[in-house]
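The block underneath contains the structure these notes are about, expressed in structure tokens.
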Amino acid sequence: MWASSADSGPLQLHSATRLHVLVTRRVYRVLWLTVLTVHLVCTVYPWLIGFLYLILPGTAPGVLDLVYVYQLAVPQERFRLVAAGVTATARAVISATDVTNRHFDAFNLVREIIETGILSWQAYVWSYRVGQGWMNNALIALLVLNCWSTPMARLVTGSAVGRTRLLCLVINLLLDVTMYIVVPVTLVVPYLNELDSSIHDFDPELTYTDRWLVRMLNEWPILFISSNTDGIFSFFIAQSIVLATWSIPRLFSVSVNADKTQSFGPVIAEPVSLLPRDQGPTRSASGLSLQRPRAAISLLNTSIRFGHHLLMLWGLVVLAVHLHAASHGTNPQ
Numbered sequence: 063m064w065a066s067s068a069d070s071g072p073l074q075l076h077s078a079t080r081l082h083v084l085v086t087r088r089v090y091r092v093l094w095l096t097v098l099t100v101h102l103v104c105t106v107y108p109w110l111i112g113f114l115y116l117i118l119p120g121t122a123p124g125v126l127d128l129v130y131v132y133q134l135a136v137p138q139e140r141f142r143l144v145a146a147g148v149t150a151t152a153r154a155v156i157s158a159t160d161v162t163n164r165h166f167d168a169f170n171l172v173r174e175i176i177e178t179g180i181l182s183w184q185a186y187v188w189s190y191r192v193g194q195g196w197m198n199n200a201l202i203a204l205l206v207l208n209c210w211s212t213p214m215a216r217l218v219t220g221s222a223v224g225r226t227r228l229l230c231l232v233i234n235l236l237l238d239v240t241m242y243i244v245v246p247v248t249l250v251v252p253y254l255n256e257l258d259s260s261i262h263d264f265d266p267e268l269t270y271t272d273r274w275l276v277r278m279l280n281e282w283p284i285l286f287i288s289s290n291t292d293g294i295f296s297f298f299i300a301q302s303i304v305l306a307t308w309s310i311p312r313l314f315s316v317s318v319n320a321d322k323t324q325s326f327g328p329v330i331a332e333p334v335s336l337l338p339r340d341q342g343p344t345r346s347a348s349g350l351s352l353q354r355p356r357a358a359i360s361l362l363n364t365s366i367r368f369g370h371h372l373l374m375l376w377g378l379v380v381l382a383v384h385l386h387a388a389s390h391g392t393n394p395q
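Here it is as structure tokens:
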């Protein structure tokens with residue numbers, strides 16, 4: 063247990079019936095401001111990219127696509143963007159996005175699978191479009207870390223559900239921000255330095271430089287939204303960031319003193335364990351045992367573990383293929 067009474071003390075799980083991590087008031091303020099800063103940066107970022115669409119040559123038609131994606135990615139309360147007549151299945155899916163929901167682990171697995179698919183596709187595209195080897199290595203590292211994030215978090219935190227979910231959300235937030243902001247900014251900065259502000263275009267001599275022209279033609283489509291697929295990928299990553307910044311503060315409780323705790327988030331009325339307490343077998347009129355809920359939860363937990371094992375295997379395959387390709391070096395021609 064990570065127990066400490068100091069203001070800068072480490073985190074600990076509050077109790078067996080709470081899905082909260084106990085922190086001091088000072089630590090909570092720092093964490094809240096950090097999450098708020100990340101949220102604001104990720105909210106302002108699309109507007110800055112929209113400005114680049116207007117000033118960079120040949121990108122103006124993509125402004126409408128960017129605005130549409132940004133409107134979809136604007137955070138709404140509890141992500142309830144569905145009409146009043148939404149089906150029970152849709153309501154259950156939305157409820158599963160709540161970090162305090164017992165099925166959040168299943169939802170997080172689905173999110174990781176989708177993001178792994180997106181990163182795998184982008185890694186393939188970047189492998190032949192981006193000429194900078196370190197950038198391809200960084201993308202592969204993000205992909206492998208995304209595949210291994212949840213098993214690594216469980217290895218570090220053990221059986222503490224609150225700390226495990228918190229660590230998973232933090233890792234996923236760092237991955238999404240890196241992919242959504244850091245990598246594109248790193249690629250676009252050299253072009254901004256070469257942009258002639260007086261004519262809002264590049265120096266015409268650059269277009270006659272074969273090396274520069276080929277690099278621009280290859281990197282331009284991955285820097286800006288150029289298709290519906292790019293828009294969907296950007297929308298998904300933006301929503302993933304919004305979900306993380308919304309969920310992380312809900313996992314904390316502030317320690318007032320040894321006997322009192324101020325909670326910032328809903329309290330789970332039942333134990334955190336995904337398995338319900340055994341109240342003895344229930345039998346139907348025919349004498350058959352009715353253990354379907356328990357069996358269904360056990361099957362869900364098994365499926366989640368199997369899914370994470372598949373992700374870990376996929377991460378190993380990608381890493382092995384990348385290392386094998388890197389061992390051959392580059393073509394000097």
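Quick note on this note's numbering: the sequence shown kicks off at 63 and runs consecutively. Idealized CB from N, CA, C, for every residue including glycine. As the structure is a prediction and not an experimental result, all values here were calculated from the model.
CA nearest to the CA of Leu205, picked from Val97, Leu237, Gly224, Thr86: Leu237
Start-end ranges of the beta strand (DSSP E) lying completely within the segment 223-308, minimum 3 residues: none
Where His390 sits in the DSSP three-state scheme: coil
For Tyr242, the nearest candidate out of Arg87, His390, Val100, Val223 (CA to CA): Val100
For Thr86, the three-state DSSP class (helix, strand or coil): strand
Distance between Leu257 and Ser389 (C-alpha atoms, nearest Å): 36 Å
Span separating the alpha-carbon of Ala382 from that of Asn208: 16 Å
Tyr90: CB within 8 Å of a non-hydrogen atom of the ligand SAH: Of ligands this structure carries none, so the ligand SAH is not represented either.
Phe314 - partner residues in DSSP beta bridges: Val83
Three-state secondary structure assigned by DSSP to Val172: helix
Within 9 Å, strictly: CB atoms of Leu201 and Val245: yes
Beta-carbon proximity of Arg58 to Val161, cut-off 9 Å: With the chain represented from 63 up to 395, any question about residue 58 goes unanswered, as that position is not in the structure.
Val100 (DSSP reduced to helix, strand or coil): helix
Residue of Ala387, His384, His386, Leu372 minimising C-alpha distance to Thr178: Leu372
Beta-carbon separation (whole angstroms), Leu231 vs Ala306, contact threshold 8 Å: 5 Å
Ser397 versus Ala215: straight-line alpha-carbon distance, rounded: Residue 397 falls outside the range modelled here, since the chain spans only 63 to 395, and no answer is possible.
Neighbourhood of Thr226 by C-beta, 7 Å cutoff - its chain only, sequence neighbours within 5 removed: Ala215, Arg216, Thr219
Residue of Leu98, Trp308, Val172, Tyr90 minimising C-alpha distance to Ile366: Val172
Separation of Phe298 from Thr271, as counted between CA atoms: 37 Å
Distance between Val379 and His396 (C-alpha atoms, nearest Å): This structure gives no information on residue 396, because the portion of the chain shown stretches from 63 to 395.
Outcome for Asn198 when other beta-carbon atoms lying within 10 angstroms are tallied against a minimum of 16: buried
Spatial distance of Met374 from Phe314 (CA atoms): 29 Å
C-alpha distance - Val106 paired with Ala357, whole-angstrom precision: 46 Å
Backbone CA spacing between Gly224 and Ser211 [nearest angstrom]: 15 Å
For Gly193, the nearest candidate out of Thr96, Arg277, Ala185 (CA to CA): Arg277
Burial state of Leu279, where buried means 16 or more other Cβ atoms lie within 10 Å: exposed
Inter-residue Cα distance where the pair is Val187 and Val239: 20 Å
Cβ pair Glu281, Arg191 closer than 9 Å: yes
Neighbourhood of Leu235 by C-beta distance below 6 Å, restricted to the same chain and skipping five residues each side: Ala306
Bounding residues of the alpha helix (DSSP H) (the contiguous stretch that carries Val206): 195-219
Asn255 burial status per 10 Å Cβ neighbour count (16 or more: buried): exposed
Proximity to Ser309 [Cα-Cα], best of Glu267, Thr86, Leu98, Val85: Leu98
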